[in-house]
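S.K.:
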Amino acid sequence: MLNIVVMIKQVPDSSEVEIDPVKMTLNRTKARNVVNAADLNALEYALRIKDKVGANITVISMGPPMADAAIIECMARGADRGILITDRAFAGADTYPTGLTLAATIAKLGNVDIVFGGDETTDSSTGHVGPGVAEFLGIDQITYAKEVDYEDGYVIATRDLEDGDEIVKVHTPVLVTVLLNSNVPRHQSLRKKIDAIRKGVESWGINELGLKPEWVGLRGSPTIVRSMKAIKEPEHLHKTITLDKIDEVVADLVSKNIIKVGGK
Amino acid sequence: MSEFDVIVIGAGPAGSSAAIKLAQGGMNVLLVERGDPPGTKNVSGAVLWGDELSKVVPDWERSAPIERYVTRKEVAFLTEKSKIAISYSSQDLMERKSGKIIVRGKFDQWLARKAKDAGAMLVTGITIDKLVIDGGKVIGVMQDGDVITSDAVIVAEGANPRVLINSGLRPKLSDHDVALGIKETIKLPENVINERFNVDSKGGYASEFVLGFLDDGILSGGFLYTNRDTVSLGIVASLDRLRANGMTHSYDIMGKFEEHPFIKNLIKDGIPDEYAAHLVPEGGLASMPKLYGNGYLVTGDAAMFTFSNGMVLQGINYAITSGILAAETILENKGKISEETLSNYVNKLRNSYVLSDLYTFNGIQNVTWSDFTQKTMPKILDSVMMSMFDERGMPKKHLMQVLSAAVKSNGMKYTELISSGYRMMRKM
Chain U
314 MLNIVVMIKQ
324 VPDSSEVEID
334 PVKMTLNRTK
344 ARNVVNAADL
354 NALEYALRIK
364 DKVGANITVI
374 SMGPPMADAA
384 IIECMARGAD
394 RGILITDRAF
404 AGADTYPTGL
414 TLAATIAKLG
424 NVDIVFGGDE
434 TTDSSTGHVG
444 PGVAEFLGID
454 QITYAKEVDY
464 EDGYVIATRD
474 LEDGDEIVKV
484 HTPVLVTVLL
494 NSNVPRHQSL
504 RKKIDAIRKG
514 VESWGINELG
524 LKPEWVGLRG
534 SPTIVRSMKA
544 IKEPEHLHKT
554 ITLDKIDEVV
564 ADLVSKNIIK
574 VGGK
Chain D
4 MSEFDVIVIG
14 AGPAGSSAAI
24 KLAQGGMNVL
34 LVERGDPPGT
44 KNVSGAVLWG
54 DELSKVVPDW
64 ERSAPIERYV
74 TRKEVAFLTE
84 KSKIAISYSS
94 QDLMERKSGK
104 IIVRGKFDQW
114 LARKAKDAGA
124 MLVTGITIDK
134 LVIDGGKVIG
144 VMQDGDVITS
154 DAVIVAEGAN
164 PRVLINSGLR
174 PKLSDHDVAL
184 GIKETIKLPE
194 NVINERFNVD
204 SKGGYASEFV
214 LGFLDDGILS
224 GGFLYTNRDT
234 VSLGIVASLD
244 RLRANGMTHS
254 YDIMGKFEEH
264 PFIKNLIKDG
274 IPDEYAAHLV
284 PEGGLASMPK
294 LYGNGYLVTG
304 DAAMFTFSNG
314 MVLQGINYAI
324 TSGILAAETI
334 LENKGKISEE
344 TLSNYVNKLR
354 NSYVLSDLYT
364 FNGIQNVTWS
374 DFTQKTMPKI
384 LDSVMMSMFD
394 ERGMPKKHLM
404 QVLSAAVKSN
414 GMKYTELISS
424 GYRMMRKM
């Protein structure tokens, strides 16, 4: 049977994240935590392959202990096993050690045929992690997939590129990053959710993965954030104009060379 | 052998209170909630009156997310240009801490967490399709084709009782059974709220309004509660009347309420944060489903346990109490669940304020949802107040003469006023 790993991340619901009007920083405290939406699309393709040919699906996520709820949700949608990669040593990681840590997890699982992930997360939108994992593992990768199928040892995917679609056929093992909204994820089932809660989520730390502290977390991150700047939205000039004033407005715009009136 | 002792449908005040009580009694409980997290499907003001929760969570006020305590309670009639209010501020009310202003999104999540801590299995983000009935007995619930079994089910699904309807255990809701509520949450700085509503940072203002300025035929109440740094503003409109007057939409009513001169100033410069609509049980005894059957009990809004006499709107306390009583009934009959043993739930409800209040105030809907209360009364009161307070250099009249003139000018007979007024006082 196929072994599939789906990489997911718990993120604050982007529709509920507010920008602090004074500090100009993101206020995530009010936003509820959800599974990164594109990851659910990735999971759905994994589940479709499971429905078609049978597969063991393991969901993995690197994050704080409370991220187990996101993994349980994926199990309630049909994944078989959940592993939370959590350790203080992993804190502050940029995309490089994140990729390394996830790759180490997949390597430890062993015999993985397909690795899925969303193409990017809504909270950082780098799109680095999926390709990074493939490189660390030394396997082929398919990015920007909007359709994914599996047949006789091959993943057949349609990539959504700027100048058109590209259909590729890649032999396993392969890593696939899936575009947001490329399918409709199935609902959670009560039966599966009860079973998932009873089964629980495994927790792996730096020792289980055999990684060194200097390779992971902040210490293993080559990115240095020097400063952050909030880009202010330009002020929009709103004016309410009643119809009887329209001639004045037109004359004003013509005088400022903003518009031209035909024939003149 | 069932998978669970009890399945509770809905992690609102009724469901979570029931689950806590059952788990404390050593039962294997599954608490299933549609919202994720609990409270996200709720639209409520809200004021929680009383202290029933201390029966299952001692010292609950210490950890509960309470926004403010009601120290200023108002009941007001709004006409187009006026507001006639009974305003009660009291230090005793402050000391008693009887009315807790809460935000249900936070409160329900907190209470569901208490149920989980007590040992219930909390499952969120799942909607139950219906109860599974086998040989006349409820043996569990159905979701997405799967059957999860239990010895008993507590239905605490709220004002839109889909599970009961899908299970054939109550008729579909009619316009008499429910009203339509709309609530807006408006952000205002805490100190602005304190100043504007004349409360200190612990104290809060809660007000119910009769919206007497609406178009003929449309009946709607309004409410305004101060949270810590938001204000909950909303309406509860009669569906009957909305349907009969097709040109008026519920959001028009909300818009007019927000724009009313005496409301507008209270929410000035506020930033709208949430806007949502929900059904509100209003039918009382006549709309109530059967409260128990072989293997199931109905609690809270799903049982239509709400109270409104125009002076106060209550429901959360009825939900909590009914949830606890349902749990008690099941605990007392462990291993011998039947229609007969569960019927004791109704006795418990009758002995508590839940059903007593519903019987005492049976028919109150005909008073609160009447043109007399919502249209004529505000106009008469407005005429009376205006003649009392507007000095025009004319000889003054006795109150009775003023009242009589006000009644006449509003096209009513004095005897009608007395009989309507008497009926109203009796029902309230």
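If you're matching them up, the sequences are chains U and D in order. According to my numbering, the stretch in the first sequence is residues 314 to 577, in order. According to my numbering, the stretch in the second sequence is residues 4 to 431, in order. The beta carbon of each residue, even a glycine, is placed where N, CA and C say it ideally should be. Being a predicted model, the structure only gives us computed values, none of them experimental.
Can you name, in chain order, every residue of its own chain whose Cβ lies under 6 Å from the Cβ of G533(U), other than the five neighbours on each side?
M.R.: The residue given as residue 533(U) occupies position 220 in the first sequence. So the list reads P410, once near-sequence residues are dropped.
S.K.: Do three or more CB pairs link the segment 238-256 of chain D to the segment 189-198 of chain D at distances below 8 Å?
M.R.: Segments in contact, no.
S.K.: In terms of DSSP beta bridges, what is L316(D) paired with?
M.R.: Here the question's residue 316(D) lines up with position 313 in the second sequence. S311(D), per the DSSP bridge assignment.
S.K.: Can you list, in chain order, the residues of its chain with a C-beta nearer than 8 Å to that of K416(D)? Leave out the 5 residues immediately preceding and following it.
M.R.: Indexing the second sequence from 1 puts residue 416(D) at position 413. Cβ within range, chain order: V410.
S.K.: In terms of DSSP beta bridges, what is D333(U) paired with?
M.R.: Here residue 333(U) refers to the residue found at position 20 when the first sequence is read from its first residue. Answer is none; D333(U) lacks a bridge partner.
S.K.: Do you know whose CA, among L352(D), A123(D), V73(D), W113(D), lies nearest G29(D)'s CA?
M.R.: Within the second sequence, the letter at position 26 stands for residue 29(D). Answer by Cα proximity: A123(D).
S.K.: When the Cα of T435(U) is compared with those of R361(U), D381(U), L339(U), which residue comes out closest?
M.R.: Reading the first sequence from its first residue, position 122 is the one you call residue 435(U). It is L339(U) whose Cα lies nearest to the Cα of T435(U).
S.K.: Quick one: Cα of M307(D) to Cα of K205(D), how far?
M.R.: Mapped onto the second sequence, residue 307(D) falls at position 304. Mapped onto the second sequence, residue 205(D) falls at position 202. Those two C-alpha atoms are separated by around 32 Å.
S.K.: Closer than 9 Å, Cβ to any Cβ of chain D: which residues of the segment 489-520 of chain U, in chain order?
M.R.: Going along the segment 489-520 of chain U in chain order, one finds H500, Q501, S502, L503, R504, K505, K506, I507, I510, R511 with a Cβ nearer than 9 Å to chain D.
S.K.: Hey, is Q368(D)'s beta-carbon within less than 7 Å of any beta-carbon in chain U?
M.R.: Numbered from its first residue, the second sequence carries residue 368(D) at position 365. It does not: the Cβ of Q368(D) has no partner Cβ on chain U nearer than 7 Å.
S.K.: By the criterion of Cβ-Cβ separation under 9 Å, what are the contact partners of R345(U) in chain D?
M.R.: Working through the first sequence from its first residue, we reach residue 345(U) at position 32. Going along chain D in sequence order, the residues near R345(U) (Cβ under 9 Å) are D39, P40, T43.
S.K.: Under 7 Å between the Cβ atoms of F449(U) and G405(U)?
M.R.: For this step, residue 449(U) is matched to residue 136 along the first sequence. For this step, residue 405(U) is matched to residue 92 along the first sequence. No; because the gap between Cβ atoms is not below 7 Å, this pair is not in contact.
S.K.: Quick check: I419(U) and I317(U), are their CB atoms within less than 7 Å of each other?
M.R.: Taking the first residue of the first sequence as 1, we reach residue 419(U) at position 106. Taking the first residue of the first sequence as 1, we reach residue 317(U) at position 4. No, these two residues do not count as a Cβ contact at 7 Å.
S.K.: Identify the residues that DSSP records as bridge partners of H484(U): which are they?
M.R.: Locating residue 484(U) in the first sequence gives position 171, where the first residue counts as 1. Answer is Y467(U), bridged to H484(U).
S.K.: Which residue from Y348(D), Y72(D), T324(D) puts its Cα closest to that of L334(D)?
M.R.: To locate residue 334(D), count along the second sequence from 1; it is residue 331. Comparing Cα positions, the closest option is Y348(D).
S.K.: 7 Å is my cut-off, CB to CB: does G143(D) come that close to chain U?
M.R.: For the purposes of this step, residue 143(D) is taken as the residue at position 140 of the second sequence. It does not: the Cβ of G143(D) has no partner Cβ on chain U nearer than 7 Å.
S.K.: Taking C-beta to C-beta, are A344(U) and P325(U) nearer than 7 Å?
M.R.: In the first sequence, counting from the first residue as 1, residue 344(U) sits at position 31. In the first sequence, counting from the first residue as 1, residue 325(U) sits at position 12. Yes, these two residues count as a Cβ contact at 7 Å.
S.K.: Under a three-way DSSP split, which group does E335(D) fall into?
M.R.: Looking up residue 335(D) in the second sequence gives position 332. Three-state result, E335(D): helix.
S.K.: According to the neighbour-count rule (16 or more other Cβ atoms, all chains shown, within 10 Å of its Cβ), is D508(U) buried or exposed?
M.R.: Within the first sequence, residue 508(U) is the residue found at index 195, counting from 1. With fewer than 16 Cβ atoms within 10 Å of its Cβ, D508(U) is classed as exposed.
S.K.: Does the segment 78-89 of chain D come close enough to the segment 200-215 of chain D that 3 or more CB-CB pairs lie under 8 Å?
M.R.: Counting Cβ pairs under 8 Å, three or more are found: they touch.
S.K.: Quick check on DSSP: helix, strand or coil for Q112(D)?
M.R.: Residue numbering aside, residue 112(D) sits at position 109 when the second sequence is read from its first letter. Three-state result, Q112(D): helix.
S.K.: Determine the extent of the alpha helix (DSSP H) in which S5(D) is found, giving its start and end residues.
M.R.: Along the second sequence, one-based indexing puts residue 5(D) at 2. Here S5(D) belongs to no alpha helix (DSSP H), and DSSP marks it neither H nor E.
S.K.: Keeping to the same chain, check which residues put their C-beta closer than 8 Å to that of V574(U); ignore five residues upstream and five downstream.
M.R.: As a position in the first sequence, residue 574(U) is number 261, starting the count at 1. Cβ neighbours of V574(U) beyond the five flanking positions: V563, V567.
S.K.: Grab me the residues of A392(U)'s own chain with a C-beta within less than 6 Å of its C-beta, minus the 5 sequence neighbours each way, in chain order.
M.R.: In the first sequence, the residue the question calls residue 392(U) occupies position 79. The residues are I370, V372.
S.K.: Spell out whether any CB of chain A is found under 7 Å from the CB atom of Q112(D).
M.R.: Given the protein chain composition of this structure (U and D), no chain A is represented.
S.K.: What does DSSP give as the partner residue(s) for Q146(D) in the beta ladder?
M.R.: As a first step, residue 146(D) must be located in the second sequence, where it is residue number 143. Answer by DSSP bridge pairing, in chain order: D149(D).
S.K.: With H, G and I counted as helix, E and B as strand and the rest as coil, what does DSSP make of Q501(U)?
M.R.: The residue you call residue 501(U) lines up with position 188 of the first sequence. Here Q501(U) sits in coil by DSSP.
S.K.: Assuming V144(D) and V156(D) are in contact, meaning their beta carbons sit under 8 Å apart, how far apart are those beta carbons, in whole angstroms?
M.R.: If you number the second sequence from 1, residue 144(D) lands on position 141. If you number the second sequence from 1, residue 156(D) lands on position 153. About 6 Å separates the two Cβ atoms, so the contact holds.
S.K.: Taking the runs of the alpha helix (DSSP H) that are 4 residues or longer, which of them lie wholly in the segment 338-419 of chain D?
M.R.: Counting whole runs of 4 or more residues, the segment 338-419 of chain D contains the alpha helix (DSSP H) stretches 342-345, 347-354, 356-363, 367-371, 380-392, 402-412.
S.K.: So, helix, strand or coil for S177(D), using DSSP?
M.R.: Against the second sequence, residue 177(D) aligns to sequence position 174. Here S177(D) sits in coil by DSSP.
S.K.: Please check if any C-beta of chain U sits within less than 7 Å of the C-beta of Q146(D).
M.R.: Taking the second sequence and counting its residues from 1, the one referred to as residue 146(D) is at position 143. Cβ-Cβ to chain U under 7 Å: yes for Q146(D).
S.K.: Smallest Cα separation from Q3(D): which of D62(D), R246(D), K339(D), I131(D)?
M.R.: This structure gives no information on residue 3(D), because the portion of chain D shown stretches from 4 to 431.
S.K.: For K400(D), count the other beta carbons within 10 Å of its own beta carbon; 16 or more makes it buried, fewer makes it exposed. Which is it?
M.R.: In the second sequence, residue 400(D) corresponds to position 397, counting from 1. K400(D) comes out exposed.
S.K.: In angstroms, rounded to a whole number, what distance separates the CA positions of I221(D) and M397(D)?
M.R.: Locating residue 221(D) in the second sequence gives position 218, where the first residue counts as 1. Locating residue 397(D) in the second sequence gives position 394, where the first residue counts as 1. Computed Cα separation, rounded: 37 Å.
S.K.: In whole angstroms, give me the CA-to-CA distance for A26(D) and G13(D).
M.R.: In the second sequence, the residue the question calls residue 26(D) occupies position 23. In the second sequence, the residue the question calls residue 13(D) occupies position 10. Cα to Cα, the separation comes out at about 16 Å.
S.K.: Restricting to runs no shorter than 4 residues, where is the alpha helix (DSSP H) found entirely within the segment 54-142 of chain D?
M.R.: Within the segment 54-142 of chain D, the complete alpha helix (DSSP H) runs of at least 4 residues are 63-66, 94-99, 107-121.
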